[in-house]
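Counting from 1, one number per residue, gives the positions in the sequence shown under UniProt numbering.
By construction, the Cβ of each residue, glycine as well, lies at the ideal position given by its N, Cα and C atoms.
It should be emphasised that the depicted structure is a prediction, and the values quoted were computed from it without experimental measurement.
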Amino acid sequence: MVQSMDALLGSVKFPDKPIGDGTPSADPPEGDMSSALLSAEAAVLGRLTKLVENVGKRVRVELNTIMNLYYRMDLEPLLAHDVGHVIRSFQVVSAEILREALNAFMETGEREKREDLELLLKVGAEVDTVVEVPQAAPTGDGGVGGQGIRQKLQETALMRAVDFGSLEAVEILVGAGAGLEVRREGGEGEGVKRALHFACRDGKPEIAEFLVCSGAEIDAVTDIGVTPLYYVAQAGLTGLVRFLLGRGADVHAKNTDDGRTSIFNAIGNGYIDVVQVLLDHSADVNERRSCEQRPLHFTCTRFRNIPRDHRDIAELLISRGADVDARCRSGRSALHCAARHGALGVVEVLLENGADLHATSANGSTALPCTSLQC
């Protein structure tokens, strides 16, 4: 089409001689062409020349309009060469502008919005710069007039895409070189997190698997040693637990806050399938946390301030070799804790498997009066 347009415009030519009666005339002396023309003819030819030039411009504009309907400018070859670096050096697209384009694409899914996002990434957007985004805290946290305290959430573009749950946006950003190990404060007392932590914590298995396959550190830890596997086990995502373990995640990794491994949270939340997968991958059935509690204790203690009575998990742990009389630092066994919290199902399982009913804690108490004690 471009060639046709050029051919059309190139076909318009002007005569070397003025239009006369058709009879040949002698050439005027060199440099005296204008004198051979009548003033009226010269004026007409001048107007015709301008008219043809204007027509040519209008034709080109209209042809360009038609071409734009079927052809789009492809900057890929340009950006793939050194000239792309030169273009990027003039002006960097700010992280705020990138975030706006990212949100527009994720919220609409439109092809044009995707192309806008990709163009910003190609010309040099600040893809790993953290943007502070005001967030409303839950009501009741000291807000005025029913409004929660305004907090600031820090996010990179990749973290925003993970939080939104858009695998497509995550793929675009990672493909454009977004950093997988960039950290930001994650709140909840767990310290700085990476994109993989958020995907695992928020239950987004497809995104988590993509990040791992793209090279994200599988045992990345927060400030208190929380790993992606820890979050996934806590959320009960059995398939993702298998995936991470199959990729070499450390089943024995402990947080530095209270020494828990992934199996403790899975037990506390009652996810027996996750517990079984962890045990199948060599999780220690008698693992000790900082206070010396074992996994069996977690079947019947208060977890996240909620009483637990996970009889089925207690049976599984005992079948895998859990010590029914193991004591925590205060000398209390799982039976003490089960009696204290009214976990009758676990009490029955422990007694059926030979737990010592008369075992005493460090202060000399047995399980029978344990209802008055704090385990």
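- A buried status is given to T238, since no fewer than 16 other beta-carbon atoms sit within 10 Å of its beta-carbon.
- Positions of the alpha helix (DSSP H) runs, each at least 4 residues long and wholly inside the segment 244-280, are given as 262-268, 272-280 in order along the chain.
- If the five residues before and after D325 are omitted, its C-beta is found closer than 7 angstroms to the C-beta atoms of S333, A355, D356, A359, all from its own chain and listed in chain order.
- Looking from the CA of K113, the closest CA among G124, L98, V123, G259 belongs to L98.
- Shown here, R327 sits in a strand according to DSSP, grouped into three states.
- If you check the CB distance, C291 and C337 do not come in under 7 angstroms.
- Secondary structure of I66 (DSSP, three-state): helix.
- By the Cβ rule, the segment 160-172 counts as touching the segment 102-110, because three or more pairs are nearer than 8 angstroms.
- Close CB contacts of L316 within its chain, under the 7 angstroms cut and outside five residues either way in sequence, are with I272, V275, Q276 (chain order).
- E287 counts as buried, since at least 16 other C-beta atoms from the protein chains shown sit within 10 angstroms of its C-beta.
- R194 has its alpha-carbon roughly 9 angstroms from the corresponding atom of E217.
- When G215, S214, K204, R260 are compared, the shortest CA-CA separation from V241 is found for K204.
- In this structure, the beta-carbon distance from F303 to G268 falls below 7 angstroms.
- When the five nearest sequence neighbours on each side are left out, the beta carbons in the same chain lying within less than 6 angstroms of the beta carbon of D116 are those of A101, in order along the chain.
- Nearest neighbour of V182 by Cα position, chosen from A157, G175, A176, turns out to be A157.
- Between the alpha carbons of L120 and Q154 lies a gap of roughly 21 angstroms.
- In the displayed model, I224 falls within coil according to three-state DSSP, outside both helix and strand.
- Taking Q293 as the centre and dropping the five residues before and after it, the same chain places the C-beta of C328 closer than 6 angstroms to its C-beta, in chain order.
- Nearest to G331 by alpha-carbon distance, out of I263, H297, R311, V346, is H297.
- Distance from the CA of V232 to the CA of R160, rounded to the nearest whole angstrom, comes to 20 angstroms.
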